[in-house]
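J.:
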Amino acid sequence: MSRYRISGKGRVDHSAPVSFTFDGKTYRGLRGDTVASALLANGVHLMGRSFKYHRPRGAVSAGSEEPNALIGTSRGKGQFEPNTRATVQELRDGLVTESQNKWPHLSFDIGAVNDRAYMLFSAGFYYKTFMWPKSFWDKIYEPVIRGAAGLGKSPTEVDPDRYASRYLHTDVLVIGAGAAGIAAALSAAQSGADVTLVDENAEMGGSLLSDPAVQIDGKPAWDWVEAQLARLRAAGVRLMTRTTAIGYYHQNMVGLCQRLTDHLDNPPANAPRERMWRVRAEQVVLAQGALEKPLVFDGNDRPGVMLAGAAQTYLHKYGVKVGDTPAVVTSHDSAYFAAFDLADSGARVAAIIDTRDAVRPDLLEGARKRGIQVLSGHTVTTTKGRLRVKSVRANPVRGTHVGAGRDIACDCLLMSGGWTPSLHLFSHTKGSLGWDAGSNTFLPDRKTEACEIAGAGRGLWGYEAVLADGAAAGLRALEGLNRAGHSAAFTVANDRPGTGVTHTELPTDGNPGKAKAFIDFQNDVTAKDIRLAVREGMRSIEHVKRYTTNGMATDQGKMSNINGLMIAADALGKQPPQVGLTTFRPPYTPTSFGAFCGYLRGDTFQLTRKTPIDPWAEANGAVFEPVAQWRRAWYFPKAGEDMHAAVLRECKATRASLGIFDASTLGKIEVAGPDAVEFMNRMYTNPWTKLQPGRCRYGLLLGEDGFIRDDGVIGRLSPDLFHVTTTTGGAARVLTMMEDYLQTEWPDLDVWLTSTTEQWATVALNGPNALKMLKPLVEGVDWDDFPHMSCAECTVAGLPARLFRLSFTGEVGFEVNVPARHGLTLWTALMEAGKPYDICPYGTETMHVLRAEKGYIIVGQDTDGTVTPQDAGLDWAIGKAKKDFVGKRSLSRPDIVAKGRKQLVGLLTEDGSLLQEGAQIVLDPNQPKPMKMVGHVTSSYQSTMGHPIAMAVIEGGFDKMGETVFIPMPDGVRKARITSTVFYDPDNARLKA
Amino acid sequence: MTNQKHQFDASPVVVEDLAPALRLSLRVKPAHRETLGRALGLDLPTRVGSRAAANGAEALCLGPDEWLIVAPEGTDLASPARAAYADAPHSLVDISDREITLRLSGPAVLDLLAACCPRNIAAMPVGAAARTVFDSATVILWRDGPTDFRMDVWRSFAPHVRSLLTQVRTEIAAGL
Amino acid sequence: MLLIHCPYCEDTLPELEFTYAGEAHIARPADPSALSDDEWRDFLFIRTNARGPHYERWRHIGCGRFFNALRDTVSDRFLTTYKAGEARRPLTNEAAE
Ligand SMILES: [Zn+2]
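Chains as they are written, first to last, in UniProt numbering: chain W, 1 to 993; chain A, 1 to 176; chain C, 1 to 97.
1) Quick check on the contact list: which residues have their beta carbon closer than 5 Å to a heavy atom of ligand 1?
2) Do the CB positions of Arg280 of chain W and Gln258 of chain W come within less than 8 Å of each other?
3) Residue ranges of each beta strand (DSSP E) run of no fewer than 3 residues wholly in the region 556-616 of chain W, ordered along the chain?
4) Once you ignore the five residues that flank Ala409 of chain W on each side, which residues in its own chain have a CB closer than 6 Å to its CB?
5) Let me check one thing: in DSSP terms, what residues is Leu375 of chain W bridge-paired to?
6) Leaving out five residues on either side along the sequence, give the residues of the same chain with a beta carbon under 7 Å from the beta carbon of Ser940 of chain W.
7) According to DSSP, simplified to helix, strand and coil, what is Val713 of chain W?
8) Cβ of Gly52 of chain C less than 8 Å from any chain A Cβ?
9) Output, in chain order, the set of chain C residues within a Cβ distance shorter than 9 Å of Ala114 of chain A.
10) Between the region 59-91 of chain A and chain C, which residues of the former have a C-beta closer than 7 Å to a C-beta of the latter?
11) Among W:Ser7, W:Thr379 and W:Asp341, which one has its Cα closest to the Cα of Val329 of chain W?
12) Would you list, in chain order, the members of the region 158-171 of chain W that have their beta-carbon closer than 8 Å to a beta-carbon of chain A?
13) Rounded to whole angstroms, what is the Cα-Cα separation between Arg649 of chain W and Ser657 of chain W?
14) Please list the segments of the beta strand (DSSP E) lying wholly inside the region 634-718 of chain W, counting only runs of 3 or more residues, in order along the chain.
15) How would you call Gly309 of chain W, buried or exposed, if buried means at least 16 neighbouring beta carbons within 10 angstroms?
16) Compare the beta carbon distance of Gly455 of chain W and Ala189 of chain W with 8 Å and say whether it is the shorter of the two.
17) Along the region 695-709 of chain W, what residues have a CB closer than 8 Å to any CB found in chain C?
18) Report the CB separation of Cys63 of chain C from Pro64 of chain A in whole angstroms; it is logged as a contact under 8 Å.
19) Could you tell me whether any Cβ in chain A is nearer than 8 Å to the Cβ of Tyr20 of chain C?
20) Judging by CA-CA distance, which residue of A:Gly49, A:Asp17 and A:Gly37 is the nearest neighbour of Thr132 of chain A?
21) Is Ala327 of chain W helix, strand or coil by DSSP?
22) Assign Pro294 of chain W to one of two classes, buried (16 or more other C-beta atoms within 10 Å of its C-beta) or exposed (fewer than that).
23) Write down every uninterrupted run of the alpha helix (DSSP H) in the region 287-335 of chain W whose length is 4 residues or greater and which is fully enclosed by it, in chain order.
24) Please name the residues in the region 61-77 of chain C whose beta-carbon is closer than 8 Å to at least one beta-carbon of chain W, in chain order.
25) Mapping DSSP to helix, strand and coil, what is Thr170 of chain A?
26) Can you grab the Cα-Cα spacing for the pair Leu717 of chain W / Ser165 of chain W, in whole Å?
27) CB Ala617 of chain W to CB Asp662 of chain W, shorter than 8 Å?
28) Just to confirm my understanding: we take Pro30 of chain A, look at its own chain, exclude 5 residues before and 5 after, and list those with CB closer than 7 Å. What are they?
29) What residues in the region 417-428 of chain W have a beta carbon less than 7 Å from any beta carbon of chain C?
30) Have a look at Arg92 of chain W and Leu209 of chain W and give me their C-alpha separation to the nearest angstrom.
31) Does DSSP classify Pro968 of chain W as helix, strand or coil?
32) In whole angstroms, what separates the C-alpha of Gly474 of chain W from that of Trp224 of chain W?
33) Between residue 255 of chain A and chain C, is the shortest Cβ-Cβ distance under 8 Å, so that the two count as touching?
34) For Thr170 of chain A, go through chain W and note every residue whose CB falls closer than 7 Å to its CB, in chain order.
35) Output, in chain order, the set of chain W residues within a Cβ distance shorter than 8 Å of Ser36 of chain C.
36) In whole angstroms, what separates the C-alpha of Ala437 of chain W from that of Lys574 of chain W?
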């Protein structure tokens, strides 16, 4: 039995010891413990060092709001997690944990020198200290400060765990399964409503688990909770524990993170560690309760100083007495019950120091009965003790006068500054908060979502009030679904109602400028920092927050916001509501990246599309590149070849004889209907009326702004049917654009669009032997009438096909389309038939080189959304006689016809070196910097002609043919001559062969 | 120890490939819907997501002027459609190879779908269908029974979808 | 994540099934060549950029249709949606759906 564990007490399993390590030392806890409760049971309060001053810290809470007790946990290789809250992490056999922000070890830490130099680290120190001299930043400030600061350490290995996702649609989502949440769920689960009740803790019951003496409807609290959960389960309510509502989004979408395996000794194989739920609820009930506030006094962060409610939870849930001689300092009635319960469990309560003058008689009587002295009208001015509190100084306060203090010996100090409704999720909805002057806190005001707030979240205190409120909220949610239910009433015995007052810093007889009275424990922000920020000119609470970092730690100021606000308001001489509250943002508690990623990691990190011929490419050693969502074969290296060698071989083989290329990713759109030709005339720049069935044409598509959007070869298969091809990346965009015009501008046209990109597998054959090789495989084509730019429906290798004669290489070329299921069969047949011609499979890089040699553009590479047909030298593709087409009007806009536009030209370097795509071009390399850049390189390749070629857009490029331009690069300035973009076979002799 | 007896497939969810079928995308304006429907022998439903079957073929209304027709391979709907073209201009495009179809079934099939479908699939009536999204892929989901679905997915998206389905099945099998 | 009512499917569905398609009620001029350069510029580039109710277009993956919406750009809420080609819904009719 651990020293501070009370035999048989609590909800932990006393017959199930669990061993774990903390900073290398092995401890024993019990099944049901958190790391914090198990350490406390062993008398360990020192659990970490603070972020800035490296002050020793212990657990201040017993829940997810914990700012201090952050530990690293490890479950195996790659399964290290920093900044885990020891108050949340459940014990599991063999769990390895470590403290953070300490060196060389927790009880002696070099970085704690920051604490003595605290004057240097006051509010705004980041902004002030490191401003001067500038050169100090790299060499001194950054390494030293960063080395000592930082919160935990990042994991360095790939996370091997699995994570999962779910969408959930439910009628009523109740968040928080304390008294209010359970009552709300009971009300809502009538009339067949689908109800989901979630709670972030391992067990449902909320604070009732820490108040076992309370009786509801004649049952002890724990029995009542168990009975109600059974009722809910029987009613079909979805009960989810270890499930944190992390964010509340539009229209009742709530994100839940469910922790599935971190508490298990041996998780099932392949089980996900966490599951992210995206819940759409018709109605939401927020029953998240309230969070206890610390009091602000010098030394309020010493290990052993903790919230009174936390001590009560450790006692009742975990059977842990946090100390033998606790002292209590409070401004709220609730702390008395913690003191009473500890006293009843054998602790000797040193004193209850109450900041209020008047104390409720029944509480005084309770204290008297237990022999506890009550010092009302007192303040606490400091605590003592090195790594653990050993005394607290209490001073009487009369008006504004603080009298002489006396030290009261204690081994822990339980504080309560009252309770703050947990309204983080409500704030995510942009619901407004109203200041309640009575309770000195913000309460929910105007709602923006279909939600109800119940219980302590609405400032209510005492179980009877909270249960009634929860039941009413659940009923309102049910009525919001247009369903009826009956209202429930609960009778409560031994209830623990209470009230309190809210303070700024507690009054002191010491120098307030020297007090280390913490507000934000995690970010080491003191009361003095807030006042300094105000003195230095910060007026808005958002500025105070950023200047001091108050509330900016991973706990998002769950404990510190109201204390910070009270002090800022006091310093500003304003009322708290005039100062306002900072914004809460999701997630409510720190959430792992894995939970957000879900399944989208590794192979499924992003969608990757594959063609029907992809398996052949993979089996034949292709190197792939991503193109839009597709993976495409980039080149096919043979043994010993690098990319350059492979591409050059593929290019030469195609120019010399025959190349084969998987073009299946090309976008394809079937344009069909009586008005098909009219539609084509309106969409594309080219004229289509006279294009005969069986022929095809290069089509150019502009946006309404006149800039090139897409291009492709388009075949007319019959008077009413066009087979349109688009670029790989443009397929979806072009179809959407066409649909848009059709649906919204020209709904009168009788024409329809169908994506056939994936209906067809497309294989391109190019080279002087393409025709010879293909002919014997084709049936149904009249070769005497099948010149360049023809198309036909026929069979190829016995497969139904659409055959196009076209070229993107400058060689005789074909594109064979067959139904996708036959893609691989066609490819294999063509590879076989091409053997006599040394057929060479090539990838996208060779395709790029061959087209660049011919000056064929690639939309999106040689154009960038600001290039007109004229700029690209494609005026010939414009149907000049057409009255209108998309983008036509823009081609005569002043900016488009102005001189000096960037125009697409060829570039040949003087020294034969390869230019870099994207490199900037200047006319005079000796001009002062910044130089006037006149354009950039869009395409650049080693070519089959023995020298590199490039294309570029250059201001007024067409008028600069033959002139020299300069490309400054890190290793020197390149010189290049402007040429035509057609480098190879300018007369198209090879196409006609 | 005795050998295990005949065992039903106890998998909470089963994913199977279905054999290819004839799939046609039909587009026709509302004014000509009935004429064309008569020619095809199909009563083309008008509510998005509703289905009608006749003579082994099934038509699903995907939009106000769009139907997906599924029929056994070899069914000739092109000829009667062509014959009606002058009276009821339309577009009928063979997309049999554009998609592949998976059958998803088993007691946990709704969990499987809820992993990646934002739409409330549980609320979809049996006998309905919808074009929706499964993760980042557009799919058509047909609900053939309470725990019996078909999913049409574009061919190139299938590897991604299958990989997700495998992950979710593994997760469901783990039982947490 | 928003819920959007598709006027063609007559169903309220998750935003992931929809894509935004720019401001609504900007018709392409019947004869662009009749427009002055400034008029054409306005058609191309000048948009309302409303703070508050904004007429905009969305497209539903399910039925493939573009439709109009009135959405409050401050609250992000859809006030109403209606079919393409229908007249602009009045602002006073905000809650109608
Ligand atoms: Zn729709």
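Backbone N, C-alpha and C fix where the C-beta goes; we use that ideal spot for every residue, glycine too.
T.: For this structure:
1) That gives C:Cys6, C:Tyr8, C:Cys9, C:His60, C:Gly62 and C:Cys63.
2) Start at 1 with the first residue of the first sequence, and residue 280 of chain W comes out as number 280. Start at 1 with the first residue of the first sequence, and residue 258 of chain W comes out as number 258. Against a cut-off of 8 Å, the Cβ pair of Gln258 of chain W and Arg280 of chain W comes out as no contact.
3) Here no run is fully enclosed.
4) As a position in the first sequence, residue 409 of chain W is number 409, starting the count at 1. If the five residues before and after Ala409 of chain W are omitted, its C-beta is found closer than 6 Å to the C-beta atoms of Ser391, all from its own chain and listed in chain order.
5) On the first sequence, position 375 is the one that residue 375 of chain W refers to. Looking at the DSSP output, Leu375 of chain W shares a beta bridge with W:Ile353.
6) For this step, residue 940 of chain W is matched to residue 940 along the first sequence. Excluding five sequence positions before and after Ser940 of chain W, the CB atoms of its chain that fall closer than 7 Å to its own CB belong to Leu914, Leu915, Gln916, Glu917, Pro948 and Ala950, given in chain order.
7) What you label residue 713 of chain W is simply residue 713 of the first sequence in a count that begins at 1. Three-state DSSP puts Val713 of chain W in a strand.
8) On the third sequence, position 52 is the one that residue 52 of chain C refers to. Not closer than 8 Å to any Cβ of chain A, the Cβ of Gly52 of chain C fails to qualify, so no.
9) In the second sequence, the residue the question calls residue 114 of chain A occupies position 114. In chain order: nothing, as chain C lies at least about 12 Å away.
10) Identification of residues in the region 59-91 of chain A having a C-beta nearer than 7 Å to some C-beta of chain C yields Leu62, Gly63, Pro64 and Glu66, given in sequence order.
11) Numbered from 1 along the first sequence, position 329 holds the residue referred to as residue 329 of chain W. Of the listed residues, the one whose Cα sits closest to Val329 of chain W is W:Thr379.
12) Residues Arg162, Ala164, Ser165, Arg166, Tyr167, Leu168 and His169.
13) As a first step, residue 649 of chain W is located in the first sequence; it is residue number 649 there, counting from the start. As a first step, residue 657 of chain W is located in the first sequence; it is residue number 657 there, counting from the start. Distance between the alpha carbons of Arg649 of chain W and Ser657 of chain W is about 12 Å.
14) Fully enclosed beta strand (DSSP E) runs of no fewer than 3 residues occupy 659-662, 667-672, 695-702 and 708-718 of the region 634-718 of chain W, in order along the chain.
15) Here residue 309 of chain W refers to the residue found at position 309 when the first sequence is read from its first residue. Under this definition Gly309 of chain W is a buried residue.
16) Within the first sequence, residue 455 of chain W is the residue found at index 455, counting from 1. Within the first sequence, residue 189 of chain W is the residue found at index 189, counting from 1. Contact: no.
17) Residues passing the 8 Å Cβ filter: Glu704 and Asp705.
18) Sequence index remark: in the third sequence, residue 63 of chain C carries index 63 (1-based). Sequence index remark: in the second sequence, residue 64 of chain A carries index 64 (1-based). Contact flag correct, Cβ pair sits at about 7 Å.
19) For this step, residue 20 of chain C is matched to residue 20 along the third sequence. At least 8 Å separates the CB of Tyr20 of chain C from every CB of chain A.
20) One-based indexing of the second sequence puts residue 132 of chain A at position 132. The shortest Cα separation from Thr132 of chain A among A:Gly49, A:Asp17 and A:Gly37 belongs to A:Gly49.
21) In the first sequence, residue 327 of chain W corresponds to position 327, counting from 1. Ala327 of chain W carries a strand assignment under DSSP once its states are collapsed to helix, strand and coil.
22) Taking the first residue of the first sequence as 1, we reach residue 294 of chain W at position 294. Under this definition Pro294 of chain W is a buried residue.
23) Taking only runs of at least 4 residues, the alpha helix (DSSP H) segments lying wholly in the region 287-335 of chain W are 308-318.
24) Of all residues in the region 61-77 of chain C, Gly64, Arg65, Phe66, Ser75, Asp76 and Arg77 have a Cβ within less than 8 Å of some Cβ in chain W.
25) In the second sequence, residue 170 of chain A corresponds to position 170, counting from 1. In this structure, Thr170 of chain A counts as helix in the three-state DSSP scheme.
26) Position 717 of the first sequence, counted from the first residue, corresponds to residue 717 of chain W. Position 165 of the first sequence, counted from the first residue, corresponds to residue 165 of chain W. In this model, Leu717 of chain W and Ser165 of chain W are separated by some 47 Å (Cα to Cα).
27) Stepping through the first sequence from its first residue, residue 617 of chain W is reached at position 617. Stepping through the first sequence from its first residue, residue 662 of chain W is reached at position 662. If you check the CB distance, Ala617 of chain W and Asp662 of chain W come in under 8 Å.
28) The residue you call residue 30 of chain A lines up with position 30 of the second sequence. Within the same chain, Cβ atoms closer than 7 Å to the Cβ of Pro30 of chain A are found at Pro64 and Asp65, the five residues on either side in sequence being excluded.
29) Residues: none.
30) Position 92 of the first sequence holds residue 92 of chain W. Position 209 of the first sequence holds residue 209 of chain W. Rounded to the nearest angstrom, the gap between the Cα atoms of Arg92 of chain W and Leu209 of chain W is 21 Å.
31) Numbered from 1 along the first sequence, position 968 holds the residue referred to as residue 968 of chain W. Looking at Pro968 of chain W - three-state DSSP - the assignment turns out to be strand.
32) Along the first sequence, read from residue 1 onward, the residue named residue 474 of chain W stands at position 474. Along the first sequence, read from residue 1 onward, the residue named residue 224 of chain W stands at position 224. For Gly474 of chain W and Trp224 of chain W, the distance between alpha carbons rounds to 18 Å.
33) Residue 255 of chain A lies beyond the range of chain A shown here (1 to 176); nothing can be said about it.
34) Here residue 170 of chain A corresponds to residue number 170 of the second sequence, with the count starting at 1. Neighbours of Thr170 of chain A on chain W, chain order: Asn270.
35) The residue given as residue 36 of chain C occupies position 36 in the third sequence. Contact annotation for Ser36 of chain C against chain W: no contact, minimum CB-CB distance about 11 Å [criterion: below 8 Å].
36) For the purposes of this step, residue 437 of chain W is taken as residue 437 along the first sequence, with counting starting at 1. For the purposes of this step, residue 574 of chain W is taken as residue 574 along the first sequence, with counting starting at 1. The straight-line gap from Cα to Cα measures roughly 13 Å.
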